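FYI, in mature numbering (1 follows the signal peptide of the UniProt record, and there is no 0) the residues of the sequence shown are -17 to -1, 1 to 208.
In what follows, a structure is listed as structure tokens, so that the remarks can point back to it.
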Amino acid sequence: MILRRLLPLVLAGTLVAACGGEPGGPAGTSPRGSAAGPCDASGKDFAGDIELARCLTERFWAERFRQSGNTYAPISDFVAYNGEDGPECGRQPAVPNNAFYCPSGHFIAYDATWLEGMYDRMGDGAVYLVIPHEFGHAVQAQLVNDFQFNVQRELQADCYAGATLSGLIQEQALQADEGDGAELLANLEAAGDPTDAWLAPDAHGTAAQRQAAFAKGYGQGVGAC
Ligand SMILES: [Zn+2]
């Protein structure tokens, strides 16, 4: 549910949002358009990157669903909160320093103070890891995915996040420098569980497991997840 302790993303300034084109426009990355429509957020500041990450990620999934003859259901809400004032999910209070997908409401919420802090310290890569990971959970909720352990759900969300990022880079919605993938992997390492407690209900996977899951999606796409 959360990419814990995302340590210094060396990505600052390298993962540059280049969205803003019209689907079907001269640049034509998505000639058939998409359910999500054009993404016109600037990607120039935290608020812009947040909106752009949301829009691009949903556009990515809308297109993948369409290609497989299905329809992606956009999230119902995208909620910024601060510390303790987040929305409940199934009577569970939101906790500070977190981002989460709520299945019962089909919404995503994030502690904006926490995420903006990472954005300021580490660069925009923080947003482009956390938001696609949470959308990975929103996608899981629309697929028939049966998980025995929470860690499997979390690692698939990491895999989906990798597939989303590489897909957006391939369609030139995002630009990445050579080596950015490795940097993202290095930072996932910091977000791994300290032990391989795969039975734990909140397990996210060890550093190596999270890196491997992200790399699989990044290198091989959604189908490998
Ligand atoms: Zn998660």
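The beta carbon of each residue, even a glycine, is placed where N, CA and C say it ideally should be.
Just so it is clear, the structure is predicted and the values come from calculations on it, not from any experiment.
- Nearest to residue 41 by C-alpha distance, out of 147, 171, 153 and 159, is 147.
- DSSP, read as helix, strand or coil, puts residue 131 in coil.
- Under the three-pair Cβ rule at 8 Å, the stretch 95 to 108 counts as touching the stretch 26 to 34.
- For residue 91, the enclosing beta strand (DSSP E) has its first and last residue at 90 to 94.
- Taken atom to atom, the span from the alpha-carbon of residue 23 to that of residue 155 is near 15 Å.
- Closest by C-alpha distance to residue 58, out of 114, 188, 150 and 171, is 114.
- In this structure, residue 142 lies near residue 196, with their beta-carbon atoms less than 9 Å apart.
- Judged by DSSP secondary structure, residue 32 falls within the alpha helix (DSSP H) whose first and last residues are 29 to 50.
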